[in-house]
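Structure, as structure tokens:
Residue numbers (the UniProt record's numbering): 1 to 359.
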């Protein structure tokens, strides 16, 4: 990564992701990305657990299977509980394969209606306030209209105040990744963020604590956004019933693939909940999937689909994802709309496995 990234739970300077290539008998192929963290801090899954689940359960179920549409893929692994990051990479590869064979873009296959999507950027916790302000300034100068600031107890009110003072017209939202509890002091801090005109307060409490999110939403004007709390459509239905938030961050990885992500988009839109596409620092393969998803009509807020160069000196696809004044073009070519740089992947590959159909 070109710049270290720190959240309330960990700091990272590089990423190990699993790339999935599904090859159809004609030779056509589709790529997906298992963008799980390396450590179990954001979610229970890690690169190692995803490799195990994909190798032992998911890929064997896909090999030699017959299906007409990628929405049928979940039935192949319906017995597998959880493990949504692992599932998402295989699911996305299936969608990319199917749309590529049919000569349509992934965005069109999903029901996308936009040719461009507005991108925002996510900024981690920095060593100093000046370093944070410098990072915000860089992104504003690059044309991004929205900046997300990671916060944690002890790094919240003051950095937000300084950013707001320096950039009074910038769309800013904060993300706690579930770092706050329900003490009087912590609740006062969260309610105090109402004074800064934020776009949203994302995932202040632990994932399963929807009741606390609902209580906070009733007490603040700023929309509460759910991320880690919504892994499944059933989670979303519960959150909607409780009034636990007015915004939903839809991550393909967290929800277990594109089929589930589209279903979440449809349900949220039906209930008047704004959605945007969050990211897991995906390489170009997963980033292209996110761009395609963000072209759906319900994605009314800037999504974390910023340019490849924001994170990497070199990406695994050509052309790389590019943002022009904070706007990313939705590829209209077949499948992902990008060429996967197989040679570059080979130079940096740590491990590989091939699973073939019997006979």
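Here a beta-carbon is modelled for each residue, glycine too, at the ideal position from N, C-alpha and C.
Which value, in whole angstroms, describes the spacing of the CA atoms of residue i and residue j?
| i | j | result |
| --- | --- | --- |
| residue 357 | residue 123 | 44 angstroms |
| residue 204 | residue 178 | 5 angstroms |
| residue 321 | residue 308 | 5 angstroms |
| residue 103 | residue 93 | 15 angstroms |
| residue 80 | residue 62 | 13 angstroms |
| residue 15 | residue 158 | 30 angstroms |
| residue 156 | residue 73 | 42 angstroms |
| residue 315 | residue 295 | 22 angstroms |
| residue 3 | residue 138 | 12 angstroms |
| residue 145 | residue 160 | 16 angstroms |
| residue 258 | residue 44 | 20 angstroms |
| residue 277 | residue 304 | 6 angstroms |
| residue 215 | residue 140 | 33 angstroms |
| residue 17 | residue 269 | 31 angstroms |
| residue 57 | residue 78 | 11 angstroms |
| residue 60 | residue 232 | 24 angstroms |
| residue 283 | residue 202 | 23 angstroms |
| residue 28 | residue 230 | 34 angstroms |
| residue 210 | residue 344 | 43 angstroms |
| residue 126 | residue 340 | 33 angstroms |
| residue 342 | residue 240 | 43 angstroms |
| residue 192 | residue 23 | 53 angstroms |
| residue 237 | residue 266 | 12 angstroms |
| residue 212 | residue 171 | 25 angstroms |
| residue 120 | residue 310 | 11 angstroms |
| residue 218 | residue 190 | 13 angstroms |
Name the DSSP bridge partner or partners of residue i?
| i | result |
| --- | --- |
| residue 173 | 148 |
| residue 32 | 20 |
| residue 161 | Note: residue 161 sits in no beta bridge, so no partner. |
| residue 318 | 339 |
| residue 121 | 147 |
| residue 323 | 328 |
Does DSSP put residue i in a helix, in a strand, or in coil?
| i | result |
| --- | --- |
| residue 248 | strand |
| residue 229 | coil |
| residue 274 | strand |
| residue 339 | strand |
| residue 105 | strand |
| residue 98 | helix |
| residue 85 | helix |
| residue 283 | coil |
| residue 25 | coil |
| residue 202 | strand |
| residue 77 | helix |
| residue 51 | helix |
| residue 306 | coil |
| residue 72 | helix |
| residue 262 | helix |
| residue 41 | coil |
| residue 299 | strand |
| residue 66 | coil |
| residue 116 | strand |
| residue 220 | coil |
So is residue i buried or exposed if we call it buried at 16+ other beta carbons inside 10 Å?
| i | result |
| --- | --- |
| residue 261 | buried |
| residue 355 | exposed |
| residue 88 | buried |
| residue 255 | buried |
| residue 394 | For the chain, the structure presents residues 1 to 359; residue 394 sits outside this window and is missing. |
| residue 280 | buried |
| residue 338 | buried |
| residue 332 | exposed |
| residue 234 | exposed |
| residue 228 | buried |
| residue 169 | exposed |
| residue 143 | exposed |
| residue 36 | buried |
| residue 47 | buried |
| residue 188 | exposed |
| residue 287 | buried |
Stretch pair the segment 216-230 + the segment 243-259: three plus CB contacts closer than 8 angstroms: yes
Cβ pair count under 8 angstroms reaching 3, the segment 90-100 against the segment 132-139: no
contact_flag[the segment 292-303, the segment 56-75] where n(CB pairs < 8 angstroms) is 3 or more: no
The segment 189-201 / the segment 151-165 touching (three or more Cβ pairs under 8 angstroms): yes
Segment contact flag, the segment 49-57 with the segment 79-88, C-beta cutoff 8 angstroms, min 3 pairs: yes
Cβ contact (3+ pairs, closer than 8 angstroms) linking the segment 140-153 and the segment 170-177: yes
The segment 281-295 touching the segment 105-112, judged by at least three CB pairs closer than 8 angstroms: yes
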